[in-house]
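Only one structure is covered here, and it is reproduced in the block below.
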Amino acid sequence: MNAEASAFVGLLRACAKKKDCCRGARIHADVLKRGFLDRNSHVAEYLVALYANCGVLPKAQELLDALHIRGVVAWTALIAGYTRYGHCQHALQCYDRMQQEGIAADVVTFTCVLKACGTLGDFDKGKQIHDLISKQNLLDNDVFLGTALVDMYAKCGALVKAHLALDELPCRDVICWNALITGYAQHEQGQNALDCFEHMQQEGLFPNAVTFTCALKACGHIGDINKGEAIHDEIMKQDFLREDLSLGNALVDMYMKCGDLAKAQEVLELLPIRDVISWSALIGGYAQQGQGQEALDCFEKMQIEGLSPNSVTLTCLLKACSSIGAADKGEKIHDEIVRQGLLESSIVLGNGLVDMYAKCGALAKARQVLNDLPVRNVISWSTLIAGYADQGQGHNAISCMERMQQEGFSPNAVTFTCLLKACSSIGATEKGEEFHDDISRQGFFKNNVALGTALVDMYAKCGALAKAQRAFEELPSGDVVCWSALIAGYAQHGYGEKALHCFELMQLNGLSPDTITFSSVLNACSHSGLVGEGELIFDSMTREFGIKPNVEHVASMVALFGHAGHLDKAVEVIQKIPSLQSSPAVWLSLMGACKRWGDVNIGQWAFEQAVRPLMNPILT
DNA sequence: CTAGGGTTAG
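Take the first sequence: its letters are residues 1 to 620, numbered as in full-length UniProt numbering.
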C-alpha cells in the first residue's frame with residue numbers, strides 16, 4: 001500500500017472512531033475521485049468500517065457487497081455495526097457469510113459475535129463460538145474476549161456456564177466480574193450477585209461504579225437494606241455519585257424496592273445530578289406501593305426542574321392514577337402521551353392506559369382506548385378482561401375474549417385467571433368448566449398456583465364445592481392463598497365444620513394461616529354459630545401467629561357473639577381495639593345482634609358510636 | 001470489540 005492510501009486509511013479510521021459521518025463522506029468522495037477503490041481494497045474496507053460505525057448500515061452493507069476482495073476488517077466492522085445498532089440477527093447472518101467465504105474470524109470478530117448472541121439470547125450459537133475460541137486458545141491473551149464470553153452466557157441466563165467461564169479465565173478484571181454480577185442481578189439471583197461482589201473483593205479487585213450499581217440492584221431484589229446501606233456508605237466515601245448518574249438512580253431504586261420510600265426521596269433530593277430516570281425510579285416506587293398521590297407530587301417537582309416525562313415515567317404515572325382511582329389526572333397523562341405520539345411506539349404504554357381507565361372503573365373508555373391502539377397484544381386484551389372481571393361484568397369479560405380470539409390472539413395463563421374470576425363474578429359455572437378444560441388441555445396449571453387458585457375460587461364462589469374440592473386436590477401444589485380460597489368457599493356457603501377441617505389440614509401440611517385465612521375461618525364460625533371454636537381461633541390469631549385483628553375479623557367476632565346472645569362479649573371485643581371503632585361494619589354487626597335480641601340499650605349506644613365519627617366532620 | 005439505572009395483564 002502506498003503512502004497516500006495509508007493516509008486515507010488513517011483519516012477514515014479517525015472519522016469512524018469519532019462517528020463523523022459528514023467528514024467521512026467527503027473523504028469517500030475524494031477517494032472515488034482519485035479512483036482508489038479500484039486499486040486498493042484496503043481503503044474500501046475502512047469505508048465499510050466508517051459507515052458501519054456511524055450506523056449507516058445499508059450503505060456499509062452495499063459497499064461490502066460490491067467488494068471483490070474483502071477481508072476480516074470489513075466483515076468485522078459490519079458485524080460490529082449491526083450488533084451495536086440492535087440488528088443482531090443481521091450480525092449473525094454476516095458472520096455466517098464470512099465463514100462461507102473462508103475468512104477467518106479474529107478476536108474482535110468473536111467478541112462482536114458473542115455480544116450479538118447475548119443480546120439475542122442465542123445460547124446455542126454462543127456455545128458454538130465458545131468452542132471455536134477454546135480450540136484456538138484465544139482466551140489466554142485477550143481480556144475483552146473473556147469478558148464478552150462471560151457476558152454472553154450471563155445474558156442468555158446460563159449463569160452456571162457464565163460463572164464457570166469466569167473461573168477459567170487466565171486473569172480476571174473488574175469488568176468481567178461486573179458482567180457476571182450483572183447477569184445474576186438481572187436474573188433475580190440477588191444473593192449470588194452479592195456473593196460474587198464479595199468474592200471479587202477477596203481477589204483484591206476494587207469495585208467500580210458499575211459494580212456498585214449491579215450490587216444495589218441485587219440488594220433491591222432480595223430486600224437486603226442493610227447491605228444496601230453499607231454499599232451506600234462506600235459510595236459516599238469514594239464520592240462516586242458526582243460523576244455517575246446511573247449509580248445515583250440505582251441507589252434511589254434500591255431504597256424504593258426495600259420499602260424505605262422516605263430514604264429514597266431523600267437520596268434523590270441530595271443527588272448532585274438527576275434526570276428523568278431518577279424521578280421515574282421514585283415515581284415507579286410510589287406507584288408500586290399504592291401511594292399514587294405521592295407519585296403525582298413527584299411528577300410536579302420533576303416538571304418544575306424542567307424535565308419531561310418519557311414513556312417509562314408515563315407508564316408509572318398511569319399506575320399511580322389507577323391506584324387512587326384518579327381518572328381526571330389519568331386523562332391529563334393520556335393527553336401528554338398523545339401529544340408526544342408515544343402510542344405508535346410503546347405497546348407497554350398503551351396497555352398501561354387501558355389498565356388505568358379500567359382500574360378507575362371507566363370501562364367504556366378503556367375499551368375505546370384498546371380499539372384505537374395502533375398495535376395490541378394479548379396483554380392489552382387481558383388487561384381489559386381483568387377490568388371487566390374486577391367490576392363484576394363477567395359477560396363483557398367473556399365477550400372480550402371472543403373478540404380477542406377473532407383477532408388471532410390466544411388466551412394465556414393470565415388471561416384464563418381473569419376469565420375464571422369473571423365466571424365467579426356472575427356465577428357462570430358452566431362457562432368456568434369450559435375454561436377449566438381448555439386450561440388443562442394446554443397444561444397451564446403446571447407451575448402456576450395463581451391459576452389453580454382462581455379455579456378453586458371460581459367453583460367455590462359459584463357454590464360448586466365438590467368441584468372446588470376436586471380441583472384443589474388435583475393441583476400440583478397449593479399455597480396459603482389456595483387453601484384460603486377453599487376455606488372461604490365453605491365458609492360462604494354455610495359449611496362451617498368443613499371450613500374448620502380445611503383450616504386444620506392446612507396447618508398439618510406445614511402452612512401458616514395469614515390475615516385472609518383468618519377472615520374466612522372466623523366468617524365460617526360466625527355463619528355456622530361455632531362460638532367456642534371461633535373464640536379459640538380469634539385468640540390464637542394474635543398469640544400464636546402475631547396477626548393484629550382487622551375490621552373484618554372483629555366484625556365476624558361481634559356477629560358470632562351477638563348471634564349467640566353474648567352481647568357483653570361482643571361489646572368487649574370492640575372495646576379492646578380502639579383503632580377499629582370508627583368502622584361502621586363493626587357497629588352494624590353489633591346493631592344487628594341487638595335487633596335480634598331486642599336489646600335497646602346497647603343498640604342505641606352502638607348507634608351513637610357508629611354515627612359519631614360520621615357526624616364529626618359535619619359539626620366541626 | 002468488553003460491564004451499569006426507571007416500565008404493561010393475575
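Quick reminder that beta carbons are idealized off the backbone N, C-alpha and C, glycines included.
CB of residue i within 8 Å of CB of residue j, strictly
i	j	result
I283	A264	no
G307	P272	Before going further, note that residue 307 is Leu rather than Gly in the sequence given. Not a contact, by the Cβ cut-off of 8 Å.
G146	A162	no
C156	G190	no
L511	H553	no
L314	E336	yes
R250	T213	First, the residue type needs correcting, since residue 250 is Ala and not Arg in the sequence shown. Their beta carbons are under 8 Å apart, which means A250 touches T213 by this criterion.
A148	T111	yes
A44	L50	no
F545	M557	no
V586	A555	yes
A450	A460	no
residue 687	I129	With the chain running from 1 to 620 in the structure shown, residue 687 is simply not present.
I222	F197	no
S440	T415	no
A60	L78	yes
A413	T453	no
M254	L194	no
A74	V48	yes
Residue burial classification, residue i (beta-carbon count within 10 angstroms, cutoff 16)
i	result
T620	Residue placement at T620 is flagged as unreliable, the pLDDT there being 49, under the threshold of 50; the coordinate-derived value follows with that caveat. Classification for T620: exposed.
P476	exposed
L12	buried
K365	buried
M236	exposed
A66	exposed
D224	buried
S270	At residue 270 the sequence reads Leu, which differs from the Ser that was named. L270 is exposed by the Cβ-count criterion.
K17	exposed
S526	buried
F206	exposed
L614	exposed
M22	The sequence shown places Cys at residue 22, not Met. Exposed, by the Cβ-count rule.
T542	exposed
V600	exposed
V9	buried
K257	buried
A466	exposed
K19	exposed
L132	exposed
I27	buried
For residue i, the three-state DSSP class (helix, strand or coil)
i	result
G220	helix
D106	coil
C214	helix
I277	helix
P374	coil
D239	coil
R543	helix
L205	coil
T620	Summary for T620: the model assigns pLDDT 49, below 50, so the residue's position carries little reliability; its value from the coordinates is reported in the next sentence. Three-state result, T620: coil.
Y85	coil
A362	coil
N226	helix
S308	coil
S345	coil
N137	coil
A428	coil
V56	coil
A326	coil
P613	helix
I69	coil
L522	helix
Distance cut-off 7 Å: residue i Cβ against heavy atoms of the ligand GDP
i	result
W177	Within the structure as shown, the ligand GDP is missing, as the structure has no ligands at all.
Between the stretch 325-332 and the stretch 340-352, are three or more C-beta pairs nearer than 8 Å? no
Would you list, in sequence order, the uninterrupted beta strand (DSSP E) runs of no fewer than 3 residues that lie entirely inside the stretch 437-492? none
Determine, using beta-carbon pairs with one atom in the stretch 135-142 and one in the stretch 96-103, whether at least three such pairs fall under 8 Å. no
Of all the alpha helix (DSSP H) runs that stay within the bounds of the stretch 152-196, which reach a length of 4 or more residues? 159-168, 174-186
Quick one: complete alpha helix (DSSP H) runs, 4+ long, within the UniProt repeat "PPR" (377-411)? 378-390, 394-406
Three or more C-beta pairs under 8 Å: does that hold for the stretch 413-426 against the stretch 390-399? yes
Which ranges does the alpha helix (DSSP H) cover as unbroken runs of at least 4 residues, wholly within the stretch 553-610, from first to last along the chain? 567-576, 584-597
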